[in-house]
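S.K.: Numbering (my numbering), first residue to last: 5 to 357.
Beta carbons are placed, not taken as given, at the ideal position from N, Cα and C, and that holds for glycine.
Let me give you the structure first, and then I'll get to my questions.
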């Protein structure tokens with residue numbers, strides 16, 4: 005978000021144009037629960053934007069800025085209807101359309117080749133017809149009402165094409181409520197080519213517990229999924245697809261993402277095509293005390309790494325004397341099929357040093 009605000013410096017002194025640019029930033033939590041991460045993002049983004057606007061001398065009321073961030077920038081999805089209802093209460097300024105009750109993993113992307121080129125050609129033609137509406141970032145209440153009206157109109161015209169996408173899905177899935185991302189949130193892809201940030205804490209569920217048909221279908225949709233994979237692998241690939249070039253994903257994941265065989269395609273892609281900025285092990289941290297898995301935070305930028313890029317690897321609550329943070333050149337890790345990353349416990353790391 006800081007980099008996005010800096011890009012707006014070239015706009016000049018026009019306060020409306022700058023705010024329109026600032027609110028053209030899109031952040032997604034694809035497994036949002038009751039929306040706690042989105043609420044944190046709203047507070048952090050609003051506070052920083054208000055600081056920048058005050059520095060510029062733009063006279064926007066703080067409350068309207070925070071409302072604009074919630075109404076324009078934040079998106080979330082969850083499979084539990086109760087969680088979505090709670091998120092909508094929690095984020096009352098957020099557009100209800102942005103907080104969806106759906107299965108985030110069950111959606112058709114054009115890269116899959118499903119159902120056919122004709123369908124995607126018709127979708128593109130409709131999106132092109134509404135391009136000027138989709139690219140416009142509404143900042144005033146009247147603008148937002150008009151914008152949402154046009155989107156509802158587009159959604160009605162898109163319904164037969166959505167039905168074609170739905171028809172590709174097996175009818176017997178346990179959680180069939182699909183979400184076709186490019187059709188559901190067309191403004192995000194029209195403006196920026198994807199979300200600027202995808203963050204969250206996706207579910208950790210070994211696919212052994214999933215229904216066989218669902219496992220087969222997820223295997224068709226997600227190339228990272230192999231063997232008895234964990235559901236979080238699909239969420240990482242989903243985030244990678246949805247984030248724009250140059251955007252970032254920030255996810256809480258089990259540490260098996262660094263070592264497990266079923267996550268090897270994921271590691272290969274992130275190491276070769278992404279810039280891994282932070283790996284933070286949080287086992288024993290105050291927020292994860294008693295967790296049955298060892299969680300870590302993974303932050304990756306969707307851009308090829310520079311040859312001298314170094315990954316920051318750290319442990320929460322570990323001091324410098326016990327190896328709390330180290331840096332490792334990403335190029336030294338390699339990106340082969342069998343690459344694994346193991347974080348050495350600080351006492352052993354201290355001994356080895």
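1) Which whole-angstrom value is the C-beta distance of residue 87 and residue 239, which I expect to be below 8 Å?
2) How would you write the range of the alpha helix (DSSP H) that residue 131 sits in, first residue to last?
3) Where does the unbroken beta strand (DSSP E) through residue 333 begin, and where does it stop?
4) Report the residue from 180, 188 and 196 whose alpha carbon sits nearest the alpha carbon of residue 140.
5) Between the alpha carbons of residue 8 and residue 248, how many angstroms are there, rounded?
6) Rank 85, 298, 334 and 242 by C-alpha distance to the C-alpha of residue 199 and give the top, closest one.
7) Taking only the alpha-carbon atoms, compute the straight-line gap between residue 128 and residue 332 and give it to the nearest angstrom.
8) Buried or exposed for residue 13, please, with buried defined as at least 16 other CB atoms from any protein chain shown within 10 angstroms of its CB.
9) Which whole-angstrom value describes the C-beta separation of residue 203 and residue 110, a residue pair presumed to lie in contact below a C-beta threshold of 8 Å?
10) Tell me whether the stretch 94-111 and the stretch 52-64 touch, counting them as touching only if at least three CB pairs, one residue from each stretch, are closer than 8 Å.
11) Hey, out of 286, 121, 263 and 284, whose CA is closest to residue 342's CA?
12) Could you pull the DSSP bridge partners for residue 279 from this structure?
13) Could you give the residue range of the alpha helix (DSSP H) that holds residue 151?
14) If you check the beta carbons only, do residue 315 and residue 281 fall under 8 Å apart?
15) Going straight from the alpha carbon of residue 83 to that of residue 220, what length do you get?
16) Out of 134, 156 and 64, which has the shortest C-alpha to C-alpha gap to residue 20?
M.R.: In short, the structure shows the following:
1) On the chain shown, residue 87 is found 83 positions in, with the first residue counted as 1. On the chain shown, residue 239 is found 235 positions in, with the first residue counted as 1. With a Cβ gap of about 16 Å, residue 87 and residue 239 do not count as contacting.
2) Along the chain shown, read from residue 1 onward, the residue named residue 131 stands at position 127. Start and end: 121-133.
3) Position 329 of the chain shown, counted from the start, is the residue given in the question as residue 333. Note, residue 333: beta strand (DSSP E), 329-333.
4) Counting from one through the chain shown, the residue named residue 140 turns up at place 136. With distances taken between Cα atoms, residue 140 lies closest to 196.
5) By one-based count along the chain shown, residue 8 stands at place 4. By one-based count along the chain shown, residue 248 stands at place 244. A direct Cα-to-Cα measurement between residue 8 and residue 248 gives close to 13 Å.
6) The sequence position of residue 199 within the chain shown is 195, counting from 1. Of the listed residues, the one whose Cα sits closest to residue 199 is 242.
7) Translated into the one-based positions of the chain shown, residue 128 becomes position 124. Translated into the one-based positions of the chain shown, residue 332 becomes position 328. Residue 128 and residue 332: Cα-Cα distance of roughly 43 Å.
8) On the chain shown, position 9 is the one that residue 13 refers to. Residue 13 is exposed by the Cβ-count criterion.
9) By one-based count along the chain shown, residue 203 stands at place 199. By one-based count along the chain shown, residue 110 stands at place 106. Not confirmed; about 21 Å, so no contact.
10) Output reads no: the stretch 52-64 does not touch the stretch 94-111.
11) Counting from one through the chain shown, the residue named residue 342 turns up at place 338. Out of 286, 121, 263 and 284, the CA that lies nearest to the CA of residue 342 is found in 263.
12) Indexing the chain shown from 1 puts residue 279 at position 275. Answer by DSSP bridge pairing, in chain order: 305.
13) Stepping through the chain shown from its first residue, residue 151 is reached at position 147. Per DSSP, residue 151 belongs to the alpha helix (DSSP H) from 145-170.
14) As a working mapping, residue 315 is identified with position 311 in the chain shown. As a working mapping, residue 281 is identified with position 277 in the chain shown. Contact flag set, yes.
15) Counting from 1 along the chain shown, the entry for residue 83 is found at position 79. Counting from 1 along the chain shown, the entry for residue 220 is found at position 216. Between the C-alpha atoms of residue 83 and residue 220 there is a straight-line separation of about 20 Å.
16) Translated into positions along the chain shown, residue 20 becomes position 16. For residue 20, the closest C-alpha among the options 134, 156 and 64 is that of 64.
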